[in-house]
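Comments concern the structure below.
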Amino acid sequence: MKLIDLLQPEFIKYPLVTSSKIDVIKELLTLLAEHQRIRNPEEILAAILEREKVLSTGLGNGVAIPHCRSSAVHEFSLALGIHPRGVEFQSLDHKPSHIIFLLVGPETEAGFHLRLLSRISRIISKPEVRESIMASHSAPEIHRILQNQEAEFFEVAS
Numbered sequence: 007m008k009l010i011d012l013l014q015p016e017f018i019k020y021p022l023v024t025s026s027k028i029d030v031i032k033e034l035l036t037l038l039a040e041h042q043r044i045r046n047p048e049e050i051l052a053a054i055l056e057r058e059k060v061l062s063t064g065l066g067n068g069v070a071i072p073h074c075r076s077s078a079v080h081e082f083s084l085a086l087g088i089h090p091r092g093v094e095f096q097s098l099d100h101k102p103s104h105i106i107f108l109l110v111g112p113e114t115e116a117g118f119h120l121r122l123l124s125r126i127s128r129i130i131s132k133p134e135v136r137e138s139i140m141a142s143h144s145a146p147e148i149h150r151i152l153q154n155q156e157a158e159f160f161e162v163a164s
């Protein structure tokens, strides 16, 4: 499964309107709930926050990937939010996160969950991808950037 199969334009929030880590996570969970991708946003929020206690999902370079596996989730869902000013995610480089992916998956799918996280990390590790996303002005534009990058990455990788 490709990331782009999970991340349709309606699951991209540009711009995020809240300004705290917890509120941004809630905002992205609400987006997934509104599109019937998840049913128990409160339970999933608790699982994400528990995961954040172990180690922050702020990767640095303006990127965070809050995520969890939960028995409240029956299929993988992915949302993306863009915050022009940035949100404090306790990132490794101590800088705010502007590009925030939210990944939730079934508790029983650890291997696939890790593969999806790896795929996101590989694509977003390219500075030009991050710059293009931040220069974008709409969810469809961001979706096209990620779709092109994923296709390019897998064409080269195969």
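Residue numbers for the sequence shown follow this note's numbering, beginning at 7 and rising by one. A virtual CB, placed ideally from N, CA and C, is assigned to each residue, including glycine. Bear in mind the structure is a predicted one, so any value in this text is a computation, not a measurement.
In the three-state scheme derived from DSSP, where H, G and I count as helix and E and B as strand, L65 is classed as strand. Per DSSP, the continuous alpha helix (DSSP H) segment holding S138 begins and ends at 133-141.
A70 sits in a strand when the DSSP states are folded into three classes. Shown here, F107 sits in a strand according to DSSP, grouped into three states. In the DSSP assignment, S144 forms no beta bridge with any residue. Closest in alpha carbon position to S131, among I71, K27, V23, is I71. Each residue's CA atom was taken as its position, placing A52 and F118 some 21 Å apart.
Annotation: A78 is outside any alpha helix (DSSP H) and is labelled neither H nor E by DSSP. In the three-state reduction of the DSSP assignment, P102 falls in the coil class. Cβ contact annotation for K19 (same chain, cutoff 6 Å, sequence separation greater than five): L37, G87, in chain order.
Between the beta-carbon of S97 and that of G66 there is about 5 Å, and that keeps the pair under the 8 Å contact cut.
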